[in-house]
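Chemist:
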Amino acid sequence: MKKIILFWAMVIAVSANAQVPFAQSLERGTAIDTAKYKVTYQLMYKNHPDDKDTKEDMRIVQIGRNTVKDYSDILFHFDSLRTESEREGAEIYSNASGNPWPMEITNYVRSKNTAIKYRLPIQIGTLCYADFTPSLAWNYMNEQSDTILGYECQKATALFAGRTYTAWFTTEIPLPYGPYKFGGLPGLILRIQDADKQFSWECIGFERSSSPIIQYEYDNEKKCSPDDANKTIARYYQSPYSFLSAGMGGARIMIKGADGKFRSSADVEGQSIPYKPLELE
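Shown next, in the form of structure tokens:
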């Protein structure tokens, strides 16, 4: 039964460009802070600026006294389903679907450090690495800005990792945070996007909270440097099916094409997925 489940999960993942990680158990987790606020963002993103189709994820940002955590609500939903199914003794559970952005970001406010977990497709593993939280030099715009969720917003721009970003923030919520690694403004970032509009976050919910901020431990975590993580991710997009096959111990993966027919991963070994990372430098 386990082999059948694994094979079918691989077929589903690969037919969706092989970018969706498996659902994980949430049994192993440590509370590292308590969230005082919960912010929900809609993330619209592309693997490459020239992509015709835009992917969508729902991101949750928990803001605590010492920690700000950003994670995919889609992945968390399916992780929760798997965890509950396993508690009930079920052998079959739903794996993640949709287009979740597979990055989990934990920013430590005092130390200015960031811990990142990047969940690779299917069950290849999770890249875990540490980075620095950037101090962004914001340029404030005097032009009239938007109202988002009923909050009056001001506009600012900044350079970060090879991209130019425009942010809309509100001093009505005096929290110097936002999604991903963005922050340092005198108010919560309610919208932010890069100049190419490859990545765009917009706040769709803000509420007070008292939930714990939990750092989960996933199966097959791989500690590495940011440079090694970037190289591994780039290698996947360069040759996704070879990457997946190697990660599964050389297993042959069947791929469902647009015509509905299944092909071996060996038949599309040289196929790549256009990719441009968020951080270019």
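Counting with mature numbering (1 follows the signal peptide of the UniProt record, and there is no 0), you get residues -18 to -1, 1 to 263 for the letters of the sequence shown.
Beta carbons: idealized from backbone N, C-alpha and C, even for Gly.
Quick caveat, the model's predicted, so the values are computed rather than measured.
1. Measuring CB atoms only, is the stretch 197 to 207 touching the stretch 39 to 48, in the sense that at least three cross pairs come out at less than 8 Å?
2. Out of S254, E9, I195 and D209, point me to the one whose CA is closest to Y219's CA.
3. Starting from the C-beta of Y133, find all residues in its chain whose C-beta is less than 7 Å away, skip the five residues before and the five after it, and write them out in chain order.
4. Under 9 Å, do T12 and Q136 count as touching if we go by C-beta distance?
5. For L131, tell me which candidate among N48, E199, F188 and N124 has the shortest Cα-Cα distance.
6. Between N89 and K18, what straight-line distance do the alpha-carbon atoms span, to the nearest angstrom?
7. Taking DSSP's pairing of strands, which residues face T152 in a bridge?
8. Going by C-alpha to C-alpha distance, which of Y111, K163 and R145 sits closest to T214?
9. Taking the alpha helix (DSSP H) that R64 falls in, what are its first and last residues?
10. Give the C-beta separation of I87 and Y162 to the nearest angstrom, bearing in mind that I take them to be a contact with Cβ-Cβ under 8 Å.
11. Could you spell out the range, first to last residue, of the beta strand (DSSP E) harbouring P194?
12. For S254, which of helix, strand or coil comes out of DSSP?
13. Verify whether the separation of the beta carbon atoms of P31 and I104 is less than 9 Å.
14. Does K(-17) pass the burial test, meaning 16 or more other C-beta atoms within 10 Å, or should it be called exposed?
15. Do D113 and Y147 have their CB atoms nearer than 9 Å?
16. Taking its Cβ as the centre, do 16 or more other Cβ atoms sit within 10 Å of P256, making it buried, or is it exposed?
Modeler: Reading from the atomic positions:
1. no
2. On the sequence shown, residue 219 is found 237 positions in, with the first residue counted as 1. That would be S254, whose Cα lies nearest to the Cα of Y219.
3. In the sequence shown, residue 133 corresponds to position 151, counting from 1. Answer for Y133: T152, E154, I155 and L172, listed in chain order.
4. Residue 12 sits at position 30 when you count from the first residue of the sequence shown. Residue 136 sits at position 154 when you count from the first residue of the sequence shown. No, the Cβ-Cβ distance between T12 and Q136 is not below 9 Å.
5. In the sequence shown, counting from the first residue as 1, residue 131 sits at position 149. Closest by alpha carbon: F188.
6. For the purposes of this step, residue 89 is taken as the residue at position 107 of the sequence shown. For the purposes of this step, residue 18 is taken as the residue at position 36 of the sequence shown. In a straight line, the C-alpha of N89 is about 15 Å away from that of K18.
7. By one-based count along the sequence shown, residue 152 stands at place 170. In the DSSP output, where bridge partners are listed per residue, T152 has L170.
8. As a position in the sequence shown, residue 214 is number 232, starting the count at 1. Comparing Cα-Cα distances from T214 to each of Y111, K163 and R145, the minimum goes to Y111.
9. Along the sequence shown, one-based indexing puts residue 64 at 82. Segment D55 to R69, the alpha helix (DSSP H) holding R64.
10. Position 105 of the sequence shown, counting from 1, holds the residue named residue 87. Position 180 of the sequence shown, counting from 1, holds the residue named residue 162. Correct: roughly 6 Å between the Cβ atoms.
11. On the sequence shown, position 212 is the one that residue 194 refers to. Counting along the chain, the beta strand (DSSP E) containing P194 begins and ends at P194 to Y198.
12. Here residue 254 is taken as the residue at index 272 of the sequence shown, counted from 1. Three-state DSSP puts S254 in coil, outside helix and strand.
13. As a first step, residue 31 must be located in the sequence shown, where it is residue number 49. As a first step, residue 104 must be located in the sequence shown, where it is residue number 122. Not a contact, by the Cβ cut-off of 9 Å.
14. Your numbering for residue -17 matches position 2 in the sequence shown. Caution is warranted here: a pLDDT of 40 is assigned to K(-17), below 50, making its placement in the model unreliable, and no coordinate value can be reported.
15. One-based indexing of the sequence shown puts residue 113 at position 131. One-based indexing of the sequence shown puts residue 147 at position 165. Not a contact, by the Cβ cut-off of 9 Å.
16. Position 274 of the sequence shown, counted from the first residue, corresponds to residue 256. Counting Cβ neighbours within 10 Å, P256 comes out exposed, since fewer than 16 surround it.
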